[in-house]
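Shown next, in C-alpha cells, is the structure this report addresses.
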Ligand SMILES: N[C@@H](CCC(=O)N[C@@H](CS)C(=O)NCC(=O)O)C(=O)O
C-alpha cells in the first residue's frame, strides 16, 4: 500500500508549484487540498514553529513545511530517481544556491508582471476565482476585490526590491538562468536537481499568463523546459 501523500496548497502559489513539479518528476502519487487563504482551516496540525503558510506536505504522519525544506527532504522519503540533491558537496551547494535564487528573484519578480497591469490582474483574479472551491460568492469577491489588491502587492514588491520595471526584472532573471544553463542539459550540469525543479515550478505557475510565452520564447530555456516536461510526463504516465 502507498503512504498517503497530501499537498495543502493554493493553486496559484509558486512555492506550491515547486512541490507539485518535484512530486510529479519523481512519479509520486499525491492528493491536493485547496486551502482557504483567509482561514486556512484545511491545514493539518503544524509543528509549533511552522508559519501558517502553504505549501504543507503530509507524508503518512510526517508534516513538512516550507517549499525549500520540503524539496531538500523528498529524496529521504522517496529515494527513487531522479535525485533532487546531488551527492557531490560542491554540486549540492551550487544547486541549493540557485534554488534559493529562484525564490528570492524569479518567483518574487513574477507577480510584478502577472499583476502589473489591470488586464493581467483581472486574469489572475479570474483564475483564482475559478480554482477556488469555496463557492461562487467567494469567487466573485476575488474577482471584484482581487485586481486592486494584486496591483498594490505588485507595487510593493517592486518598491522593496528598489525596482520600477517588473518586465525588465524578469528578463534579467532569464538572462541569469541562461548563463547558468550554458550548454548543459540542466542548470547544475547533466543531472536534474532541485534548482531545475524550483524554476520549473515557478514557470508552470504562470502558464496562463502572457509572460509564459516570453519565457519560452528563449530557445535555450525552451529546450531545457521541454526536457523536464518530457521527464515529468514519463514519470506520471
Ligand atoms: N518560504 C515559504 C513561503 C511560502 C509562502 O509565502 N506561501 C504563501 C502563499 S504563496 C502563503 O501561504 N501565504 C499565506 C499567508 O502568509 O497568510 C516557502 O517557500 O514555502
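Numbering (my numbering), first residue to last: 1403 to 1639. Glycine included, every Cβ here is placed at the ideal spot set by N, Cα and C. Just so we're clear, the structure is a prediction, and the values are computed from it rather than from any experiment.
When the beta-carbon positions are compared, residue 1622 and residue 1574 stay at least 8 Å from each other. Fewer than three beta-carbon pairs drawn from the stretch 1503–1512 and the stretch 1452–1462 are found closer than 8 Å, and the two stretches are therefore not classed as touching. Here residue 1411 carries a strand assignment [DSSP, helix/strand/coil]. Residues close to ligand 1 by the beta carbon criterion (under 5 Å to any non-hydrogen atom) are, from first to last along the chain, 1415, 1417, 1455, 1456, 1468 and 1469. Judged by DSSP in its simplified three-state form, residue 1598 adopts helix. Listed in chain order, the alpha helix (DSSP H) elements of length 4 or more contained wholly in the stretch 1554–1589 are 1568–1583.
Residue pairing from DSSP places residue 1458 in a beta bridge opposite 1410 and 1467.
For residue 1461, the closest C-alpha among the options 1438, 1430, 1515 and 1489 is that of 1430. Sequence-distant Cβ neighbours of residue 1556 in its own chain, meaning closer than 6 Å and more than five residues away, are 1513, 1514, 1517 and 1518.
Within the same chain, and ignoring the five residues on either side of residue 1444 in sequence, the residues whose Cβ sits closer than 7 Å to its Cβ are 1410, 1435, 1437 and 1438.
Taking residue 1595 as reference, the option from 1499, 1612, 1607 and 1446 with the minimal CA-CA separation is 1499. Under the Cβ criterion (8 Å, minimum of three pairs), the stretch 1475–1487 does not count as touching the stretch 1565–1573. Your pair residue 1427 and residue 1634 checks out as a contact, with CB atoms roughly 5 Å apart and the cut at 8 Å. DSSP places residue 1608 in the coil class of the three-state scheme, outside both helix and strand. Take residue 1463, set aside five residues on each side of it, and no residue of its chain has a beta-carbon closer than 6 Å to its own. With fewer than 16 other Cβ atoms inside 10 Å of its own Cβ, residue 1564 counts as exposed.
Taken atom to atom, the span from the alpha-carbon of residue 1624 to that of residue 1618 is near 5 Å.
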